[in-house]
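Q: Quick note: the sequence shown uses full-length UniProt numbering, first residue 1, plus one each step.
All residues carry an ideal CB built from backbone N, CA and C; glycine is no exception.
All values derive from a computational prediction rather than experimental measurement.
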Amino acid sequence: MKYKVFVSSTINDLMQERVAAEKAIISAQCEPRMSDKTFTAVDANSFDACMTELEESDIYILILGERYGWEYEGKSVTEWEYLKAIELKKPRIVFNLAYIRNREIKQNEFINRVGDFDAGRFWKTAKDVFEPAR
1 MKYKVFVSST INDLMQERVA AEKAIISAQC EPRMSDKTFT AVDANSFDAC
51 MTELEESDIY ILILGERYGW EYEGKSVTEW EYLKAIELKK PRIVFNLAYI
101 RNREIKQNEF INRVGDFDAG RFWKTAKDVF EPAR
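1) Alpha carbon to alpha carbon, how far is Met1 from Leu97? Give it in angstroms, no decimals.
2) Along the chain, where does the alpha helix (DSSP H) containing Arg18 start, and where does it finish?
3) Kindly give me the distance between the Cβ atoms of Ala8 and Thr78, rounded to whole angstroms, as I take these residues to be in contact under 8 angstroms.
4) In terms of residue numbering, what span does the alpha helix (DSSP H) encompassing Arg92 cover?
5) Among the residues of its own chain, which have a CB less than 6 angstroms from the CB of Ser46, if the five just before and after it don't count?
6) For Thr125 and Arg67, which I take to be in contact (beta-carbon distance under 8 angstroms), what is that distance rounded to the nearest angstrom?
7) Can you give me the C-alpha to C-alpha distance between Ala85 and Val94, rounded to a whole angstrom?
8) I need the boundaries of the alpha helix (DSSP H) containing Arg33, first residue and last residue.
9) Pull up the CB-CB distance for Glu22 and Pro32, whole angstroms please, since I reckon it's below 8 angstroms.
10) Use the C-beta contact count for Ala24: other C-beta atoms within 10 angstroms, 16 or more gives buried, fewer gives exposed.
11) I'd like to check one pair, Phe122 with Tyr60: are the Cβ atoms closer than 8 angstroms?
12) Do you know how far the Cα of Arg101 is from the Cα of Asp58?
13) Does Phe117 pass the burial test, meaning 16 or more other C-beta atoms within 10 Å, or should it be called exposed?
14) Measuring alpha carbon to alpha carbon, tell me which residue in Leu62, Met51, Lys127, Lys37 is nearest Val114.
Dropping the structure here:
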């Protein structure tokens, strides 16, 4: 059985990181689930399609970059996905991109929630675009 691995991040600003994540997932003999690459057309809005793909996945990966991203009902889609992964008790792997310098304020706030010592997640700090693939 191949594990389905859901990749959550903003897309346009993290294209190289997403390619690196996809390659790492495939090399681990797992199946990447990525909205910009693997989702098919469905009769649902984008938010619901993402939530369904996440529900059907086995593992959740979050890549924290510069942008907070598109907001839906007061939170970025990436944050909604993170909260859903918690609710579903999915194994969560987080990569914080240390080489990103000019983060949006809302993204810094989200990062602080994700990395909170008591309630958050330990993360891997990536020093370059390909580190998550190693």
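A: The relevant details are as follows:
1) Along the sequence shown, one-based indexing puts residue 97 at 97. Along the sequence shown, one-based indexing puts residue 1 at 1. Those two C-alpha atoms are separated by around 31 angstroms.
2) One-based indexing of the sequence shown puts residue 18 at position 18. Here the alpha helix (DSSP H) through Arg18 covers 15 to 27.
3) Taking the sequence shown and counting its residues from 1, one reaches residue 8 at position 8. Taking the sequence shown and counting its residues from 1, one reaches residue 78 at position 78. It is Ser, not Ala, that sits at residue 8 in the sequence shown. Correct: roughly 5 angstroms between the Cβ atoms.
4) Here residue 92 refers to the residue found at position 92 when the sequence shown is read from its first residue. Where Arg92 is concerned, there is no enclosing alpha helix (DSSP H), although the beta strand (DSSP E) it sits in stretches over 92 to 97.
5) Against the sequence shown, residue 46 aligns to sequence position 46. Closer than 6 angstroms at Cβ, skipping near neighbours: no residue.
6) Taking the first residue of the sequence shown as 1, we reach residue 125 at position 125. Taking the first residue of the sequence shown as 1, we reach residue 67 at position 67. The Cβ separation is near 18 angstroms, so there is no contact.
7) In the sequence shown, residue 85 corresponds to position 85, counting from 1. In the sequence shown, residue 94 corresponds to position 94, counting from 1. Using only the alpha carbons, I get a separation of about 12 angstroms.
8) Locating residue 33 in the sequence shown gives position 33, where the first residue counts as 1. From DSSP, Arg33 is part of no alpha helix (DSSP H) but of the beta strand (DSSP E) over 31 to 33.
9) Within the sequence shown, the letter at position 22 stands for residue 22. Within the sequence shown, the letter at position 32 stands for residue 32. Correct: roughly 5 angstroms between the Cβ atoms.
10) In the sequence shown, residue 24 corresponds to position 24, counting from 1. Counting Cβ neighbours within 10 Å, Ala24 comes out buried, since at least 16 surround it.
11) As a position in the sequence shown, residue 60 is number 60, starting the count at 1. As a position in the sequence shown, residue 122 is number 122, starting the count at 1. Cβ distance not < 8 angstroms, so Tyr60 and Phe122 don't count as in contact.
12) The count along the sequence shown starts at 1 and reaches residue 58 at position 58. The count along the sequence shown starts at 1 and reaches residue 101 at position 101. The straight-line gap from Cα to Cα measures roughly 32 angstroms.
13) Reading the sequence shown from its first residue, position 117 is the one you call residue 117. Exposed: under 16 other Cβ atoms inside 10 Å.
14) Residue numbering aside, residue 114 sits at position 114 when the sequence shown is read from its first letter. Val114 has its Cα closest to that of Leu62, out of Leu62, Met51, Lys127, Lys37.
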